[in-house]
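In terms of the numbering used here, the numbers along the sequence shown are unbroken and rise by one, the last being 432.
In what follows, a single structure is set out as structure tokens and then discussed.
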Amino acid sequence: MATVNKNFLKLNGGYLFPEIARRTKAWQERHPGVSIMRLGIGNTTEALSPAVCAAMKQKIDKLSSRETYSGYGDEQGDTYLRDALVTYYKEHWKVELRNTEFFISDGAKSDAANIQQLFGEDAVVAVQDPSYPVYVDSNVIAGRTGSYDETDFCYQGFVYLKSDLSNGFVPAPPKEKVDLIYLCSPNNPTGAVASREQLKVFVDYALANKSVIIFDSAYSEYITESKYPHSIFEIEGSRKCAIELSSFSKFAGFTGVRLGWTIIPHELECEGTEEGMLNRMWNRRQCTFFNGASNIAQAGGAASLSGEGYKECRALVGYYQRNAKVIKEGLESVGLSCYGGINSPYVWAQTPSGLTSWEFFDLLLDKCHVVVTPGSGFGPSGEHYVRVSSYGHFEDVVSAMESIRRNLVI
Ligand code: PLP
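Structure representation (structure tokens):
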């Protein structure tokens, strides 16, 4: 008889976003005709850049003729896209990488969930708390934790790096030895960005302990203050101890198109590896489980990285950054304490009067008709916060803030 992977049964409750959808739907059914303003999910809303669309249309034209048709692409992703990424890192962040270190994927979420397959079943995992839920859930499913503890809202065996007001939402490395460390900067959900010095401390820790940092830079294009690093590979020593995941979703609006990348340097090492081994293992993993990202998406991705395409995508980022500013100012004007939103599309707002995240979610929905994301869904340290997303039409963001100003009594 087949049995199930029992680790799935350890997963805590429903995934955050389905629960938000459930509560929102239930509220809407009780209040038909009232329009709800959604600042919850990090889903892009604005049109793709014209240069990106032109490149994708051109690719479709090529596919429509036998002479120019192409099927499966290069193993690690189309070479011209990996070359474009090499140039992008070099020109923008002065980071030297080789095209053989890039792996193109259908987005950072799959890579964030799958990357743990490279490491031992008994690896001890540390995550920023709060963090993007995929890092935790994928390791729970892989069996690296005990059960979920309903009293402290933690999985046993996991190391939570508390990110709160006391450390500006950027934690220090753990006191104990861990094997894998997930870092995300700019952070989802807190919007905090790690400085060079803070990342250097993590790199030094990882080198000393032979740990691996899994660095998610999906929001790097949202950094407005140039002193902050955009890539872990700006930090000396990181090539030996870090993997970077990133995405075209939030920079080029590819949430529906689907495209991302992972960088595994040849020098990356951990217990028992030789040079290049982790890179080869990921290649093997991808060739076994994945057949490449859409070639249409890859054409669009390359167009987003240079010339007109890059300028247009920067304008797209600027659009959401303006939303973030309106949100931050709007929430602060009613007396809420807000963080993030400057180098990030997310504003991290403290709940008023000690309300829990879900209580404040319900209050904002009920009184202001605005949907946000309860911070507790991102980990125990997210309690008493909500994440407000700048992904939405500007006019809707303005209306949401007007509604909050008019209707929120705290
Ligand atoms: N990483 C972080 C931190 C995210 O917030 C998200 C999406 O919200 C992703 C990765 C997923 O990106 P993608 O759309 O490329 O799968």
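Note that beta-carbon positions come from the ideal geometry of N, C-alpha and C, so glycine has one too.
From a predicted model like this one, the values you see are computed outputs, not experimental measurements.
- At least one heavy atom of the ligand PLP is found less than 7 Å from the C-beta of Asn210.
- Summarising the contact set, residues whose Cβ lies nearer than 6 Å to any heavy atom of the ligand PLP are, in chain order, Gly64, Gly129, Ala130, Lys131, Ala134, Tyr154, Cys206, Asn210, Asp238, Ala240, Ser269, Ser271, Thr277 and Gly282.
- Around the Cβ of Ala337, a 10 Å sphere holds fewer than 16 other Cβ atoms; the residue is exposed.
- Taken through DSSP and simplified to helix, strand or coil, Ser242 comes out as helix.
- Distances from the CA of Ser185 to each of Tyr170, Thr90 and Ala216 were compared; the closest alpha carbon is that of Ala216.
- By alpha-carbon distance to Leu70, the top candidate from Val431, Glu334, Phe382 and Asn27 is Glu334.
- In the three-state scheme derived from DSSP, where H, G and I count as helix and E and B as strand, Gly397 is classed as helix.
- Residue pairing by DSSP puts Leu205 in a beta bridge opposite Phe237.
- Residue environment analysis places Gly376 among the exposed positions, since fewer than 16 neighbouring C-beta atoms fall within 10 angstroms of its C-beta.
- Assignment of beta-bridge partners to Val162 by DSSP yields no partner.
- The beta-carbon distance between Phe270 and Gly282, rounded to whole angstroms, is 6 Å. This is short enough to meet the 8 Å contact definition.
- Considered as a whole, the stretch 338-405 harbours 379-385 as its complete alpha helix (DSSP H) runs of no fewer than 4 residues, in chain order.
- In this structure, Ala325 is the residue among Phe39, Gln220, Ala325 and Gly275 with its C-alpha nearest to the C-alpha of Ala106.
- Under the three-pair Cβ rule at 8 Å, the stretch 377-392 does not count as touching the stretch 221-237.
- For Lys222, the secondary structure class from DSSP, reduced to helix, strand or coil, is helix.
- Taken in chain order, the complete alpha helix (DSSP H) segments of 4 residues or longer contained in the stretch 83-125 are 101-115.
- Note on Tyr94: under 16 other CB atoms within 10 angstroms of its CB, so exposed under the neighbour-count rule.
- Relative to Ala145, the option among Ala130, Val192, Thr167 and Phe124 whose CA is nearest is Thr167.
- Shortest Cα-Cα distance from Glu118 to any of Thr109, Phe125 and Ile126 involves Thr109.
- For the 8 Å CB-CB criterion, Val393 and Gly64 do not form a contact.
- Put simply, of Glu123, His114 and Pro155 the residue whose alpha carbon is nearest the alpha carbon of Ile285 is Glu123.
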